[in-house]
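Just so we're aligned, residue 11 is where the sequence shown starts under the working numbering, counting upward by one.
Glycine included, C-beta positions come from ideal geometry on N, C-alpha and C.
These notes concern the structure reproduced below.
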Amino acid sequence: MSDQQASPILMTIPEQFESNRLVIRAPQWGDGTALNEAVIESIEELRLWLPFAQRIPTLEESEIVIREARLRYLDRSDLMLLVFHQETGKLIGSSGLHRIDWNARKFEIGYWLHSAYTNQGYMTEAVHAITHFAIEELAANRIEIRCDRNNARSAAVARRAGFTLEGILRNETTAMDGQLRDTMVFAKVRGVEF
């Protein structure tokens, strides 16, 4: 039985890959300290868009996030990926493949970046590498990026990474301020963009 036909938990999936400036890898026990530091240092920007950043996490909470993400990576239900600067080894963001539909081979890339590393092309580079990983290692048929219509930086990453805006879901989600917001849906599809 091939990896494509096997249960996802039986798949051999690499735990790490690299791009020009980045090391991108699955979470490991003990990564909570680096995650906690990156979130705290970027909390003001992150809280605008992300539910987990509405308050400063404790070190223990960050390690729990890492350990739960590790378990989900192993059972293939969600593939969180940590983004490290190749030269310094510093955790500069998080991404991954979420909302996975293994039958359709559909994945959604989510991401956030440490505030000190924005506007330098790191997240676009990470998205390119993760897209390649999804296509080559996971036989992706469809890869999505979804973001709040007001999140211009996130939408710019999707566009720079070659994703096509397929549509805008109106009043689709509730923002951090409790207001209904529109969600932009970008995608790459096998046979069209790759």
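For E28, which residues from the same chain have a beta carbon less than 8 Å from its beta carbon, with the 5 sequence-adjacent residues on both sides left out?
Position 18 of the sequence shown, counting from 1, holds the residue named residue 28. Excluding residues within five positions, the ones whose Cβ falls inside 8 Å are I34, Q96 and A139.
Contacts around L123, its chain only, beta-carbon distance under 7 Å, and the 5 residues preceding and following it disregarded:
Position 113 of the sequence shown holds residue 123. The answer, listed in chain order, is I102, G103, Y132 and M133.
Measure the C-alpha to C-alpha separation of Y121 and A171 and round it to an integer number of angstroms.
As a first step, residue 121 is located in the sequence shown; it is residue number 111 there, counting from the start. As a first step, residue 171 is located in the sequence shown; it is residue number 161 there, counting from the start. Each residue's alpha carbon lies about 13 Å from the other.
State the DSSP-derived secondary structure class of V202, mapped to helix, strand or coil.
As a working note, residue 202 is residue 192 in the sequence shown. Residue state, collapsed to three classes: coil.
Assign S12 to one of two classes, buried (16 or more other C-beta atoms within 10 Å of its C-beta) or exposed (fewer than that).
Counting from one through the sequence shown, the residue named residue 12 turns up at place 2. Summary for S12: the model assigns pLDDT 48, below 50, so the residue's position carries little reliability; its value from the coordinates is reported in the next sentence. With fewer than 16 other Cβ atoms within 10 Å, it is exposed.
Inter-residue Cα distance where the pair is I50 and G106
The sequence position of residue 50 within the sequence shown is 40, counting from 1. The sequence position of residue 106 within the sequence shown is 96, counting from 1. About 20 Å.
Assuming the contact rule is C-beta atoms closer than 8 Å, D158 and W39 should be a hit. Round their C-beta distance to whole Å, please.
Residue 158 sits at position 148 when you count from the first residue of the sequence shown. Residue 39 sits at position 29 when you count from the first residue of the sequence shown. The Cβ separation is near 33 Å, so there is no contact.
Please report the straight-line C-alpha distance between I153 and S17, rounded to a whole angstrom.
The residue you call residue 153 lines up with position 143 of the sequence shown. The residue you call residue 17 lines up with position 7 of the sequence shown. Going from the Cα of I153 to the Cα of S17 covers about 20 Å.
Minimum C-alpha distance to T98 - residue among A168, P37, L32 and T193
Along the sequence shown, one-based indexing puts residue 98 at 88. Ranking the options by Cα distance to T98, first place goes to L32.
Suppose you measure from the CA of T43 to the CA of I155; what does that come to, to the nearest Å?
Locating residue 43 in the sequence shown gives position 33, where the first residue counts as 1. Locating residue 155 in the sequence shown gives position 145, where the first residue counts as 1. Cα-Cα distance, rounded: 27 Å.
Any idea which residues DSSP pairs G40 with across the strands?
Locating residue 40 in the sequence shown gives position 30, counting from the first residue. DSSP output for G40 lists no bridge partner at all.
Neighbour-count burial assignment, D85, 16 or more Cβ in a 10 Å radius
As a working note, residue 85 is residue 75 in the sequence shown. It is exposed - the Cβ of D85 has fewer than 16 other Cβ atoms within 10 Å.
In the DSSP assignment, find the alpha helix (DSSP H) that holds F94 and state where it starts and stops.
The residue labelled residue 94 in the question sits at position 84 within the sequence shown. Where F94 is concerned, there is no enclosing alpha helix (DSSP H), although the beta strand (DSSP E) it sits in stretches over L89 to H95.
Count the other CB atoms within 10 Å of the CB of T141; is the residue buried (16 or more) or exposed (fewer)?
Here the question's residue 141 lines up with position 131 in the sequence shown. Buried, by the Cβ-count rule.
Segments assigned beta strand (DSSP E), at least 3 residues, entirely inside the region 26 to 88:
26 to 28 and 32 to 35
For F117 and L45, the rounded distance between their alpha carbons:
Mapped onto the sequence shown, residue 45 falls at position 35. Mapped onto the sequence shown, residue 117 falls at position 107. Approximately 23 Å, taken between the alpha carbons.
Selected residue, minimal CA-CA separation from G201, among E71, V167, A149 and Q189
On the sequence shown, residue 201 is found 191 positions in, with the first residue counted as 1. Per the Cα distances, A149.
Under the three-state DSSP convention, the category S17 falls into
Here residue 17 is taken as the residue at index 7 of the sequence shown, counted from 1. Coil.
For the candidate residues Q189, I66, F143 and R77, whose alpha-carbon lies nearest to that of F204?
For the purposes of this step, residue 204 is taken as residue 194 along the sequence shown, with counting starting at 1. Nearest of Q189, I66, F143 and R77 to F204, Cα basis: F143.
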